[in-house]
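To keep things clear, I will list the structure first and then write my remarks on it.
Residue numbers (our numbering): 111 to 616.
Following this line, the structure appears as structure tokens:
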């Protein structure tokens with residue numbers, strides 16, 4: 111049966127009602143875009159890690175991916191002669207994602223039609239459908255993509271430029287922001303990502319940039335976006351700026367708006383600059399002067415001047431040394447330790463500056479620091495990382511169902527649900543209260559009680575030549591005598607190990 115666009119949208123609306131009622135999506139909708147590509151699975155038997163401690167290969171699989179699948183450790187160790195060389199070769203492979211074939215994940219997310227819609231077309235869908243598809247596609251990519259570092263960085267930047275879809279028009283616009291801002295630049299240049307974010311319809315709505323205008327002399331600019339641009343996106347809270355700098359940036363960004371559902375004419379979701387709503391007086395930002403507009407200017411010149419002023423503001427912020435330090439600190443917190451070591455931060459900040467904010471070069475410098483290689487098994491996985499790594503480690507067959515999103519919601523870490531601009535915290539302490547939920551999930555997963563998700567523990571044991579191999583695979587090292595004893599005595603060894611500190615750390 112073929113469906114035209116209108117029929118598809120009607121089916122989507124029905125799906126939203128069913129989702130709201132806690133029901134599954136109707137079968138006719140599932141059949142609109144059938145997913146027939148078979149998931150590639152490595153053939154065992156597999157070699158598990160043999161070291162008593164986490165070796166370099168297990169370290170990179172833990173830290174820069176969402177967890178090792180059966181066969182990943184063996185594949186990476188074969189890249190070079192030694193574990194250290196193999197781990198570094200894997201990092202280089204991941205730093206060039208477009209050379210990595212990713213057919214299965216690419217086909218899998220094509221079942222989510224809304225991901226590719228132009229921004230204006232997104233308003234034809236119910237917000238619940240858009241969020242559901244975006245969340246499930248995010249899980250699908252994290253579980254199945256071969257471009258694991260890219261997916262890790264997508265999550266990192268999604269937190270850095272956090273947008274809550276529940277605010278205003280953001281529910282319709284976040285899908286385009288994820289595609290055109292975060293994913294498009296996740297391993298590109300940070301400067302280009304900031305520019306894309308500044309003109310993102312979703313960001314302009316979320317932080318009230320579209321309300322930032324000066325139509326009359328007495329109008330005061332809306333400072334929300336300017337404040338977060340300085341505090342969260344570039345300089346950092348200790349970046350040396352003042353409240354006056356926030357006000358000046360807000361003035362420089364007046365006049366940018368988004369065509370929403372209430373706008374007349376075409377171009378829903380389009381970002382526009384309105385010169386008559388812009389503050390044309392001079393500004394001083396971090397000691398740098400932006401002159402007042404010369405008069406008179408032709409209409410085309412006014413548009414160019416507004417664009418130039420935005421570019422000049424971003425240039426001032428991006429060239430400030432505080433921005434390099436702030437981004438380096440956040441990257442080191444993600445990949446090294448909750449308390450970023452100063453020598454690593456300095457090296458990463460220097461690479462960020464020298465490369466013109468090239469994210470790949472910045473990460474390459476981070477992965478070259480001794481601190482990165484020393485911090486093995488030192489970080490607690492956040493709930494999303496934990497859930498996905500458990501699915502990958504057990505080689506689970508899953509459709510990334512809503513039940514997984516609900517489990518993450520209970521843990522406080524469902525994608526695109528954080529309400530404030532600072533994004534989900536990276537440090538361990540906010541997530542310590544999720545331990546009971548993690549234990550429950552490990553049990554449900556191993557007992558095949560997670561909807562549309564199946565694991566075969568007998569096949570897993572066979573692939574690794576028995577329980578000892580499974581334990582080493584899950585831990586990234588040989589188990590301790592205590593871990594081995596608990597595994598064999600419990601009767602639910604895999605679930606117990608998935609809930610153990612050894613698996614929950616990365």
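We put the beta carbon where it would ideally sit given N, CA and C, even for glycine.
Item	Value
Cut-off 6 Å between Cβ atoms - residues of its own chain near residue 443, not counting five sequence neighbours on either side	450 and 536
Residue interval of the alpha helix (DSSP H) (run including residue 394)	First-last for residue 394: 393-395, but that is the beta strand (DSSP E), not the alpha helix (DSSP H).
Cβ-based burial, residue 480 [other Cβ within 10 Å; buried from 16]	exposed
Inter-residue spacing [alpha-carbon to alpha-carbon] between residue 614 and residue 225	31 Å
Residue 387 versus residue 421 - alpha carbon distance	18 Å
Buried versus exposed, by CB contacts within 10 Å (16 or more), residue 466	exposed
Contained alpha helix (DSSP H) runs [length at least 4] in the stretch 511-558, N- to C-terminal order	512-520 and 545-556
Cβ-Cβ separation, residue 519 to residue 527 (assumed contact under 8 Å), whole Å	7 Å
Residues of its chain near residue 364, where Cβ-Cβ distance is below 7 Å and the 5 sequence neighbours each way are ignored	322, 323, 324, 331, 387, 388 and 389
Buried versus exposed, by CB contacts within 10 Å (16 or more), residue 610	buried
Proximal residues to residue 215 (C-beta, below 6 Å), its chain only, five neighbours per side dropped	251, 254 and 255
CB contact flag (residue 289, residue 370, <9 Å)	no
Classification of residue 269 by the beta-carbon crowding that lies within 10 angstroms, buried from 16 upward	buried
Per DSSP, cross-strand counterpart(s) of residue 507	564
Residue 248, enclosing alpha helix (DSSP H) - first and last residue	237-254
Expected contact under 8 Å - CB spacing of residue 574 and residue 155 to nearest Å	7 Å
Contact under 9 Å by Cβ, residue 514 with residue 249	yes
Rounded straight-line distance, which links the Cα of residue 263 to that of residue 404	42 Å
The stretch 570-586 / the stretch 468-479 touching (three or more Cβ pairs under 8 Å)	no
Whole-number beta carbon distance between residue 199 and residue 181, since they are thought to touch under 8 Å	Not confirmed; about 17 Å, so no contact.
Segment limits, alpha helix (DSSP H) that includes residue 383	First-last for residue 383: 381-383, but that is the beta strand (DSSP E), not the alpha helix (DSSP H).
Which of helix, strand or coil DSSP assigns to residue 468	strand
Buried or exposed (CB count within 10 angstroms, at least 16 for buried), residue 418	exposed
Residue from 360, 433, 552 and 157 whose Cα sits closest to the Cα of residue 348	433
Helix, strand or coil at residue 129 according to DSSP, with G and I counted as helix	Reliability of the predicted coordinates at residue 129 is poor, the pLDDT of 40 falling under 50, and the value obtained from them is presented with this limitation in mind. If DSSP states are grouped into helix, strand and coil, residue 129 belongs with the helices.
Pairwise C-alpha distance: residue 221 and residue 144	The predicted model places residue 144 with a pLDDT of 45, which falls under 50 and marks its position as unreliable, so this point remains unresolved.
N- and C-terminal bounds of the alpha helix (DSSP H) containing residue 267	258-270
Proximity below 9 Å, CB of residue 304 to CB of residue 424	yes
Separation of residue 391 from residue 354, as counted between CA atoms	15 Å
Per DSSP, the bridge partner or partners of residue 368	381
Proximal residues to residue 616 (C-beta, below 6 Å), its chain only, five neighbours per side dropped	172, 173, 489 and 491
Reference residue 501; option with closest CA among 552, 594 and 482	552
Residue 556 vs residue 592 beta-carbon contact at 9 Å	no
Test item: CB-CB of residue 533 and residue 272 under 9 Å	yes
Cut-off 6 Å between Cβ atoms - residues of its own chain near residue 204, not counting five sequence neighbours on either side	259
Residue 400 - containing beta strand (DSSP E), residue span	398-400
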